[in-house]
Structures are given as C-alpha cells and as structure tokens.
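Notes follow the structure.
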Amino acid sequence: MTVSDERPGLADLGRDITSGDNAVPPATRPVPLAPPVGVDDLPRYLHALRRLADADDLAAAHSGCTLAIDVAGRHGSAAGLAMAYSQRSSVARRLGRLADAARDADASAELLAVSGTDPAGPAGSLVLSRRLAVLLDLGDVALADSLLTAAGLDGDLPDDPEFLLLRYVRGRLHTAAERPGEGLADLYKCGERLAVRRSDHPGVLPWRSAAASVLVGLGAREAAERLVAEEVTLTRRHGLASALGRALRIQGQVRPGTAGMAAAEEAIRVLRGTPRRFELATALVDHGALLNAARRRPQARRVLRDGLELAQECGSPALVARARALFAGRNHP
1 MTVSDERPGL
11 ADLGRDITSG
21 DNAVPPATRP
31 VPLAPPVGVD
41 DLPRYLHALR
51 RLADADDLAA
61 AHSGCTLAID
71 VAGRHGSAAG
81 LAMAYSQRSS
91 VARRLGRLAD
101 AARDADASAE
111 LLAVSGTDPA
121 GPAGSLVLSR
131 RLAVLLDLGD
141 VALADSLLTA
151 AGLDGDLPDD
161 PEFLLLRYVR
171 GRLHTAAERP
181 GEGLADLYKC
191 GERLAVRRSD
201 HPGVLPWRSA
211 AASVLVGLGA
221 REAAERLVAE
231 EVTLTRRHGL
241 ASALGRALRI
251 QGQVRPGTAG
261 MAAAEEAIRV
271 LRGTPRRFEL
281 ATALVDHGAL
291 LNAARRRPQA
301 RRVLRDGLEL
311 AQECGSPALV
321 ARARALFAGR
331 NHP
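In UniProt numbering, the protein residues as written are 1 to 333.
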C-alpha cells in the first residue's frame with residue numbers, strides 16, 4: 001500500500017517526526033553505504049544499516065535511517081516507512097535517546113497498520129520487538145504487555161529466525177512483569193535456536209545474561225554465575241565493547257562481594273568508551289546499588305548522581321525513579 005499526500009498525517013511521517021524545537025539531533029556522520037536507488041532497494045539498504053548498528057556505528061546508522069525515511073516518504077510507501085522508522089527507533093534506543101525511539105516506534109506501528117502487512121508475520125514481529133524494547137527501557141511494562149497480547153504474539157511463536165528477537169524481548173518482558181518461569185523458557189529457547197543456527201553469540205542475542213538476571217532472582221546463583229561468566233568470556237574473545245560492558249554489568253549483579261563490585265566497575269569503564277548511553281546509565285545505577293549495599297554511602301551517592309543525570313538525559317522514568325530512591329538510601333529493585 002502507498003501513502004498519498006492527501007493523507008497529511010501519514011505523509012508527514014515521511015519527513016521527520018523527531019525534528020521538533022526540543023529535539024537535539026544526534027551526532028551524525030556519512031553513511032558508508034550505497035544509497036537506496038528506490039523503494040524496492042530499501043530492504044537491502046535497511047539490512048546493511050542493521051549491520052552498521054550491530055557494529056555500534058550508531059551515528060552512521062541513524063543518518064542512514066533518516067535517508068531511508070526520506071526515500072520511502074517520497075515514494076509514498078507505508079511499508080517502507082514502517083520499517084525505516086522501526087530501524088531508526090532501534091538505533092535511537094541504543095543511543096539512549098528514548099523519547100525519539102518511542103516516537104519512531106509508535107510511527108512505525110501506525111504505518112504498519114495501514115500498509116496491509118501481516119502484524120503477526122516476520123515484519124510485524126520485528127516492529128513489535130523493537131517497540132517493546134523501548135517500552136522496557138522506559139519502564140512501561142503494562143503497555144508492553146498489552147501490546148504483546150493485542151498482537152496475538154503472546155503464545156507459541158514460530159521457530160523461524162525472524163521471530164528470535166521477539167522471543168528474546170518477550171523473555172525480558174515476562175521477567176519484568178514478574179513471570180520468571182515464562183521469561184526463562186523464552187530465553188533458553190533463544191539459546192537453543194541460536195545453537196541450531198550456529199550463531200550463538202552475545203553479539204546476536206545476549207540471552208545468557210538475561211537468563212542469569214532471572215536465575216539470581218530465583219536464588220539459583222551458581223547457575224546464574226555460570227551463564228554470565230560464559231557470556232563475559234565470549235564477548236572478551238570476539239565481541240563489541242558494549243556487549244562486554246552489558247555482560248559485566250549483569251555479572252556485577254550476580255557475583256557476590258568484591259568480585260561483583262569489580263565486574264560492575266569494569267562495566268562502567270568499558271561502557272564509557274561506547275555510544276550506549278542508556279546502558280552506561282544503568283551500569284552506574286547498578287553500581288550505586290552495590291555500593292549502598294556495601295555501606296559505602298559517600299561513593300554510592302557520587303555514582304548515583306552521575307547515573308541519575310544520565311538517566312534523565314536518556315529519558316527513562318523508571319531508571320530515574322530507581323536512581324532517586326537509591327540516592328535517598330532506600331532499597332529499590
């Protein structure tokens with residue numbers, strides 16, 4: 001389906017919904033890819049942009065997504081716009097620009113609905129996955145849950161690789177909604193399907209650390225330690241700094257005592273050298289919680305002050321609330 005200029009609400013989405021007066025444009029750089037020659041070339045171009053984003057070249061990926069939105073908008077392609085906005089939402093989320101990510105994710109869902117694309121198919125699954133991931137970072141678990149149910153994707157999922165990301169995000173959502181059994185089932189299934197495809201690496205999906213977070217909450221600390229230690233080893237050997245930083249952050253939560261504190265501190269050092277601002281904010285707040293628990297209050301307050309400031313910049317109400325509670329000396333999950 002195409003989008004005509006007679007539909008101004010949708011046509012405007014092809015311009016730029018995040019260019020308002022209060023928007024601060026992210027750092028940009030030239031896109032090291034051949035531009036799309038038309039709307040039919042968008043799938044190739046968006047796939048290449050996804051690879052750039054997965055390599056943490058987020059500034060270039062964001063610029064490329066904006067170009068893709070322009071191309072799809074000029075051709076009046078609702079489906080093309082939906083996928084371009086969805087991809088840019090994913091990049092903005094990784095950059096820690098959660099308000100922009102949420103706007104793009106909402107636009108993508110709206111466009112997908114008018115495009116005639118099957119919302120329960122591979123493209124619909126990808127759009128929903130990215131939207132749910134943004135909502136989890138914002139802390140809006142209830143809305144994420146309702147969207148999953150409304151899409152009819154809260155039950156059995158196909159084993160096709162196109163649904164792996166949704167299974168992973170759904171596992172995280174189950175965990176956030178206090179359904180640890182369902183969360184673990186989805187996360188372990190991710191590991192199983194990745195092993196079958198011979199692509200089981202944290203750079204693809206960090207299911208081990210996500211599962212470790214669930215296990216430690218259930219009191220299965222030894223199993224959690226084994227999983228997250230394996231992820232740290234894999235990312236040290238062949239992985240991005242951001243993937244290592246995330247694994248170390250979770251290891252800091254799983255390991256007791258000085259070993260956990262050391263992992264948390266290394267996570268912050270590693271993540272400072274990456275573009276993943278929300279991941280760094282989370283690592284700072286997690287470290288502050290550990291320092292609180294160790295009764296190192298002056299140091300905890302310094303770390304939490306930095307974490308709170310960055311969480312506010314990223315726009316996560318949930319992380320802001322957690323940082324404030326910890327700063328005040330209150331325990332907060």
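For every residue, glycine included, the Cβ atom is placed at its ideal position computed from N, Cα and C.
The model shown is predicted, which means the values in this text are computed figures rather than measured ones.
Task: Complete beta strand (DSSP E) runs within the stretch 194-235 (minimum length 3 residues, chain order) - done: none
Open item on the list: Please state the DSSP three-state secondary structure of Ser86.
Closed with: helix
- [ ] Give the DSSP bridge partners of Ser115, in chain order.
- [x] DSSP output for Ser115 lists no bridge partner at all.
Open item on the list: Considering just the uninterrupted stretch of the alpha helix (DSSP H) at Ser77, what are its terminal residues?
Closed with: No alpha helix (DSSP H) holds Ser77; DSSP gives it neither H nor E.
Open item on the list: Tell me which residues share the same chain as Ala72 and place their Cβ nearer than 7 Å to its Cβ, disregarding the 5 neighbours each side in the sequence.
Closed with: Gly14, Val39, Leu42, Gly80, Leu81, Ala84
Open item on the list: Suppose you measure from the CA of Ala53 to the CA of Glu178; what does that come to, to the nearest Å?
Closed with: 30 Å
TODO: Go through its chain and collect everything with a Cβ distance to Leu153's Cβ below 7 Å, but skip five positions before and after it.
DONE: Ala120, Ser125, Leu128, Leu166
Open item on the list: Tell me the rounded alpha-carbon separation between Pro158 and Arg330.
Closed with: 43 Å
Open item on the list: Can you find the residues in the same chain that come closer than 6 Å, C-beta to C-beta, to Val216, ignoring five residues on each side of it along the sequence?
Closed with: Ala224, Val254
Open item on the list: DSSP three-state label for Pro158, please.
Closed with: coil
Open item on the list: Nearest by alpha-carbon distance to Leu227: which of Leu244, Gln251, Leu218 is it?
Closed with: Gln251
Open item on the list: What does the Cβ neighbour count give for Leu173, buried or exposed, with the cut at 16 atoms within 10 Å?
Closed with: buried
Open item on the list: Taking a contact to mean a Cβ-Cβ separation below 7 Å, would you say Leu326 touches Val303 in this structure?
Closed with: no
Open item on the list: Let me confirm a value: Ala55 is counted as buried when at least 16 other C-beta atoms fall within 10 Å, else exposed. Which label applies?
Closed with: exposed
- [ ] Assign residue 335 to one of three DSSP states: helix, strand, or coil.
- [x] Nothing in the structure corresponds to residue 335, since the chain is present only between 1 and 333.
Open item on the list: Can you tell me where the alpha helix (DSSP H) holding Ser125 begins and where it ends?
Closed with: 122-138
Task: Assigned exposure category for Ser199 - 16 Cβ within 10 Å defines buried - done: exposed
Open item on the list: Between the stretch 91-111 and the stretch 129-141, can you find at least three pairs of beta-carbon atoms closer than 8 Å?
Closed with: yes
Open item on the list: Contact between the stretch 94-104 and the stretch 314-326 is defined here as three or more beta-carbon pairs at a separation below 8 Å; is this criterion met?
Closed with: yes
Task: Val141 - containing alpha helix (DSSP H), residue span - done: 141-150
- [ ] Assign Arg276 to one of two classes, buried (16 or more other C-beta atoms within 10 Å of its C-beta) or exposed (fewer than that).
- [x] buried
- [ ] Starting from Gly288, trace the alpha helix (DSSP H) both ways and give me its first and last residue.
- [x] 277-293
- [ ] Give the secondary structure of Leu244 by DSSP, where H, G and I count as helix, E and B as strand, and everything else as coil.
- [x] helix
TODO: Taking Arg29 as the reference, give the member of Ser63, His75, Ser115 with the closest Cα.
DONE: Ser63
TODO: Would you mind giving the Cβ-Cβ distance between Leu136 and Ala144, rounded to the nearest angstrom? I have them listed as a contact below 8 Å.
DONE: 6 Å
- [ ] Can you grab the Cα-Cα spacing for the pair Pro180 / Glu266, in whole Å?
- [x] 28 Å
Task: Distance between Arg193 and His201 (C-alpha atoms, nearest Å) - done: 12 Å
Open item on the list: As a quick exercise: from Ala212, Ala210, Val134, Ala281, pick the residue whose alpha carbon is nearest that of Arg305.
Closed with: Ala281
- [ ] Measuring alpha carbon to alpha carbon, tell me which of Leu234, Tyr168, Leu184 ends up nearest Ala212.
- [x] Leu184
- [ ] Please report the Cβ distance between Asp156 and Arg170, rounded to the nearest whole angstrom; I am assuming they are in contact, meaning their Cβ atoms lie under 8 Å.
- [x] About 12 Å; that fails the 8 Å criterion.
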